[in-house]
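In the working numbering, the protein residues as written are 79 to 348.
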């Protein structure tokens with residue numbers, strides 16, 4: 079396994095490739111993303127341990143979308159059966175992925191705990207759905223500080239886990255080493271990831287403007303609120319699915335493809 083340093087402009091390519099591959103199988107990828115997020119949401123409502131379980135599943139959910147994008151780029155339809163087959167890599171890798179999930183949940187809860195020092199736990203209560211997010215809460219000084227704390231600490235957390243699921247799954251790297259290599263890869267390619275983030279931010283803003291205009295026109299035309307709400311939800315799902323589809327291309331360009339059987343290869347195409 080070798081780390082590749084890529085030019086900053088590669089960040090644009092990652093976004094472009096993610097969007098292009100998504101539109102090869104938009105329905106399949108969107109349904110897969112919806113299924114994984116819905117499962118996590120359902121688990122999060124379990125008393126006490128639900129939110130932690132949902133958080134622990136995020137690395138696996140990310141890997142599901144990476145596998146799906148890789149299969150789509152190879153001309154295959156990313157069916158659930160195909161993805162499950164790809165995950166049959168042995169108990170060792172599944173156990174390592176579970177360890178990653180546990181570490182992620184623990185670190186995220188630590189971040190929430192640190193933010194709670196600033197606002198007495200209000201951000202945590204809103205995040206976990208215990209309290210509604212009102213304008214008064216959103217504009218309170220403590221809540222704003224807590225939000226900035228979470229945003230600031232989530233950046234290094236994301237760097238730790240960005241490549242970690244792929245390293246565990248495709249390169250059989252132990253969880254702790256995978257976290258280290260992921261952080262190093264993100265840091266060494268910070269220019270490309272910065273461009274990647276900026277371009278995606280622009281895509282989300284641009285899409286939001288277009289959707290807002292369409293929703294306004296639909297409202298003026300007298301169409302029901304249900305249609306408007308459905309369109310907004312569908313747009314959010316599509317955008318999120320496109321974003322997660324692009325993650326696998328960052329992995330492909332940062333690390334050499336592993337020597338694995340064809341069913342597990344990462345020789346993705348554009």
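Backbone N, C-alpha and C define an ideal beta-carbon position, used for all residues, glycine too.
- Message: Distance check for residue 233 and residue 276, CA to CA, integer angstroms please.
- Response: 14 Å
- Message: So if DSSP puts residue 333 in a beta bridge, which residue, or which two residues, is it bridged to?
- Response: 81
- Message: Measuring only the C-alpha atoms, how far is residue 289 from residue 169?
- Response: 44 Å
- Message: How far does the alpha helix (DSSP H) with residue 292 in it extend, from its first residue to its last?
- Response: 268-298
- Message: If I measure Cβ to Cβ from residue 336 and keep anything under 6 Å in the same chain, skipping five residues before and after, which residues do I get?
- Response: Note that residue 336 has pLDDT 47, beneath the 50 cutoff, so the model's placement of it is unreliable and the number below is only indicative. Correct list, in chain order: 248 and 249.
- Query: Cβ of residue 230 within 7 Å of Cβ of residue 144?
  - Reply: no
- Message: Tell me the rounded alpha-carbon separation between residue 153 and residue 224.
- Response: 44 Å
- Task: Can you tell me which of the three DSSP states residue 195 falls into?
- Result: helix
- Taking DSSP as the reference, what is the three-state secondary structure of residue 243? helix
- Message: Please report the straight-line C-alpha distance between residue 126 and residue 113, rounded to a whole angstrom.
- Response: 23 Å
- How many Å lie between residue 205 and residue 108 at the Cα? 24 Å
- Going along the chain, which residues of its own chain have a beta-carbon closer than 6 Å to the beta-carbon of residue 193, five neighbours each way excluded? 201, 224, 227 and 228
- Message: Given a cut-off of 7 Å on the beta-carbon distance, is the pair residue 131 and residue 141 in contact?
- Response: no
- Euclidean distance between Cα positions of residue 187 and residue 106: 32 Å
- Task: Please state whether DSSP places residue 218 in a helix, a strand or coil.
- Result: coil
- Burial state of residue 303 (16 or more Cβ within 10 Å): exposed
- Message: Can you tell me whether residue 153 is helix, strand or coil according to DSSP?
- Response: coil
- If residue 330 and residue 81 are in contact, beta carbons under 8 Å, what's the gap, nearest whole angstrom? Not confirmed; about 13 Å, so no contact.
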